[in-house]
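Protein chains: 2
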Amino acid sequence: MTINEPRPEFSWFRRISSQFISDKDFDKLEKTSVKLIFKKGETILKQGGLPTHVVYLEKGIVKFNYENESSKNLILTIVSAPKILGGANLFYKDNNLFSFIAVEDCEVILIDAKVLEEVLVENSRFAMMMFQVASEMFKKSVMNFISLAHKQKEGRIADIILYLAAEVYNDTSFHLSLTRKEIAEFAGCSTENVIMTLSKWQTEKIISVDGKIVAINDIDKLKHISKIG
Amino acid sequence: MTINEPRPEFSWFRRISSQFISDKDFDKLEKTSVKLIFKKGETILKQGGLPTHVVYLEKGIVKFNYENESSKNLILTIVSAPKILGGANLFYKDNNLFSFIAVEDCEVILIDAKVLEEVLVENSRFAMMMFQVASEMFKKSVMNFISLAHKQKEGRIADIILYLAAEVYNDTSFHLSLTRKEIAEFAGCSTENVIMTLSKWQTEKIISVDGKIVAINDIDKLKHISKIG
DNA sequence: TTTCAAACATGAAATATTTAATGTTTTATG
DNA sequence: CATAAAACATTAAATATTTCATGTTTGAAA
């Protein structure tokens, strides 16, 4: 983790915020913010810690990771920049429910939570927008959980591949930055199951896998697997 | 479902709101609200419908129910009155992600979402408080899902019994208003599994079950089962 | 009160999933 | 570049879970 000067850009966040708050208020946020660079695998915000900052992800990919008492991980969702990382950690005063961990090198701006709250209180439309953003993230997690509860492994892994293509990499073929173990933690199953399923789909020509390179060849078949669970 | 006159009381909601909004604003909410009574099993708010109202649960118990394409249900969480039913349905502009269904007879006040939004925009501290409440609900669902993903059936069912005792019935012995099937939909497992597990715990004297009456005899053992998963 | 449907209950068979054992490949680091 | 650790991969055995078949009990409605 290294500190990077000078002042952060906030480009995407500035654009969407400008509809709701004044330049003065945005400057206030910017002045108390700090830009950091996290390398793959580094923890941006730790589960159990106090929510002193709100994370604006400017570049990179982040996993929402829950670790239980036995050190088993569960990935709640995975998001790509640009995004305000909210969910339960935004507006929520208790200790962070989960960690944010960089899945790829990330550029991140940490916004002081106190200052943000001041700005939110002064700009209720802005607050509403931020809550919408947080709800959006919540919805992503819930949909993943629903898949997890309703479907068998194959349906869950199909959902994850489809989700990654549509929402994270924005392409049907992509360089997978997650390990098989992480996909398993996302799907709530064993690593072996992920490996076996991907291999099987490879032989069935539904996807092509070459190490970290994944390409969806037959998205309809994948969607069908997702549907029948 | 029957309409009940005259004006709703809002007692709990009025009390917590009074710290944040004026009587005038509260009256505005009250005037556009309608009090309804739902019988056990009736749907208060339907999945897929538009979030035209925010639900204030004055009396009773409600399940958050998600139904998938194959008509299989998943219970996200269960809450008891008094409570503002939020989560993704509050402040969220898309169609409702899930239904609210009465698990026991309920007294409910439907608040016009548009009017509430007006009041929220005018009273940012009140808005923040409502966000907190919604986040609280979110946390409950997420914790249930985490249990679901990390633990085996017994750990999950133990979590549910503990949750119901602590958060819904506020007693270690209670009249269970859920069927075994509903517990299964909460735990994400088969009905048979719930029945077998409860019977097993009954013979092990961890709980007493007599039809709908459930009593926790050995809460430490139950917590241990929850812990080891 | 009778009757029917749903809920509750149990055990066995079928299926899904994890664990363990083993080996190869890739990746990071001294 | 060598080397160790992690990731990837495959299989069989062990375990967990669901499905199915069957029967009893309970509760709501005619």
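Protein chains in written order, with the working numbering: chain E, 22 to 250; chain L, 22 to 250. Even glycine gets a Cβ: it sits at the ideal position worked out from N, Cα and C. Keep in mind the model is a prediction, meaning the values are calculated, not measured.
For this session: Tell me Ser120(L)'s beta-bridge partners as DSSP assigns them.
Result: Note: Ser120(L) sits in a beta bridge opposite Asn86(L).
Problem set entry | Beta-carbon spacing of Leu118(L), Gln68(L) below 9 Å | Going by C-beta atoms, Leu118(L) is nearer than 9 Å to Gln68(L).
Problem set entry | Reduced DSSP secondary structure (H/G/I, E/B, other) of Asn238(L) | If DSSP states are grouped into helix, strand and coil, Asn238(L) belongs with coil.
Exercise. With burial defined as no fewer than 16 other Cβ atoms inside 10 Å of the residue's Cβ, what is the status of Lys60(E): buried or exposed?
Worked result: By the Cβ neighbour-count rule, Lys60(E) is exposed, with fewer than 16 other Cβ atoms within 10 Å of its own.
Exercise. Does the beta carbon of Ile234(E) sit closer than 9 Å to a beta carbon anywhere in chain L?
Worked result: Taking Cβ atoms only, chain L never reaches closer than 9 Å to Ile234(E), which makes this a no.
Problem set entry | Local Cβ density within 10 Å of Asn116(E), reported as buried at 16 or more and exposed below that | Exposed, by the Cβ-count rule.
Exercise. Roughly how many angstroms lie between the CA atoms of Asp44(E) and Thr98(E), to the nearest whole one?
Worked result: If you take the alpha carbons of Asp44(E) and Thr98(E), they lie about 32 Å apart.
Exercise. Cβ atoms of Val163(E) and Ser32(L): under 9 Å apart, would you say?
Worked result: With contacts defined by Cβ atoms closer than 9 Å, Ser32(L) and Val163(E) do not form a contacting pair.
Exercise. Distance, Cα to Cα, Ile37(L) vs Met150(L)?
Worked result: Rounded to the nearest angstrom, the two C-alpha atoms are 9 Å apart.
For this session: Using a cut-off of 9 Å between C-beta atoms, extract the partners of Tyr87(L) located in chain E.
Result: The answer, in chain order, is Val163, Ile167, Ala170 and His171.
Problem set entry | Per-residue contacts from Ala148(E) into chain L (C-beta, under 8 Å) | Against Ala148(E), the close residues of chain L are Ser145, Ala148, Met149 and Phe152, in the order they occur along the chain (beta-carbon pairs closer than 8 Å).
For this session: May I have the straight-line CA-CA distance separating Ala123(E) from Val83(E), to the nearest angstrom?
Result: Cα-Cα distance, rounded: 5 Å.
Exercise. Of all the beta strand (DSSP E) runs that stay within the bounds of the stretch 147–221 of chain E, which reach a length of 3 or more residues?
Worked result: Here the runs fully enclosed are 194–196.
Exercise. Which residue comes first and which comes last in the alpha helix (DSSP H) that contains Asp2(E)?
Worked result: Past the boundaries of the shown model lies residue 2(E); chain E is included only from 22 to 250, so the question cannot be answered.
Exercise. Just curious, the beta strand (DSSP E) that Thr101(E) is in, first and last residue?
Worked result: The question names Thr, but residue 101(E) is Ser in the sequence shown. Its beta strand (DSSP E) spans residues Asn94 to Ser101.
For this session: For the beta strand (DSSP E) containing Glu79(L), list its first residue and its last residue.
Result: Residues His74 to Lys80.
For this session: Work out the CA separation of His196(E) and Lys93(E) for me, nearest whole Å.
Result: Near 25 Å, if we compare the C-alpha coordinates of His196(E) and Lys93(E).
For this session: State the DSSP-derived secondary structure class of Asp115(L), mapped to helix, strand or coil.
Result: Correct three-state label for Asp115(L): coil.
Exercise. If you draw a straight line from the C-alpha of Ala205(E) to the C-alpha of Ile167(E), how long is it?
Worked result: Cα to Cα, Ala205(E) sits roughly 16 Å from Ile167(E).
Exercise. For Ile182(L), which residues from the same chain have a beta carbon less than 8 Å from its beta carbon, with the 5 sequence-adjacent residues on both sides left out?
Worked result: Sequence-distant partners of Ile182(L) (beyond 5 residues in either direction) whose C-beta falls short of 8 Å from its own C-beta, in its chain, are Ile228, Val235, Ile237 and Leu243.
Exercise. Which of the three DSSP states, helix, strand or coil, is assigned to Ile37(E)?
Worked result: Note: Ile37(E) maps to helix in three-state DSSP.
Problem set entry | Closer than 7 Å at the beta carbon, the chain L residues around Gly176(E) | For Gly176(E), there are no C-beta contacts with chain L under 7 Å, since the nearest C-beta of that chain is about 11 Å from it.
For this session: Within 10 angstroms of the Cβ of Gly70(E), are there 16 or more other Cβ atoms? Answer buried if so, exposed if not.
Result: Residue environment: Gly70(E) is assigned as exposed (fewer than 16 neighbouring CB atoms within 10 Å of its CB, all protein chains considered).
For this session: Consider the Cβ of Lys84(L): report whether some Cβ of chain E lies at a distance smaller than 9 Å.
Result: Lys84(L) does not count as touching chain E.
Problem set entry | Secondary structure of Ser42(E), DSSP reduced to three states | The sequence given here has Ile at residue 42(E), not Ser. In the three-state reduction of the DSSP assignment, Ile42(E) falls in the coil class.
Exercise. Is the Cβ of Phe47(L) closer than 9 Å to any Cβ of chain E?
Worked result: Closer than 9 Å: no.
Exercise. Looking at C-alpha atoms only, which residue of Ile42(L), Lys104(L), Ser91(L) and Ile240(L) is the closest neighbour of Val129(L)?
Worked result: Comparing Cα-Cα distances from Val129(L) to each of Ile42(L), Lys104(L), Ser91(L) and Ile240(L), the minimum goes to Lys104(L).
Exercise. Where does the unbroken alpha helix (DSSP H) through Lys104(E) begin, and where does it stop?
Worked result: Following the DSSP letters along the chain, one finds Lys104(E) in no alpha helix (DSSP H) but inside the beta strand (DSSP E) bounded by residues Lys104 to Leu106.
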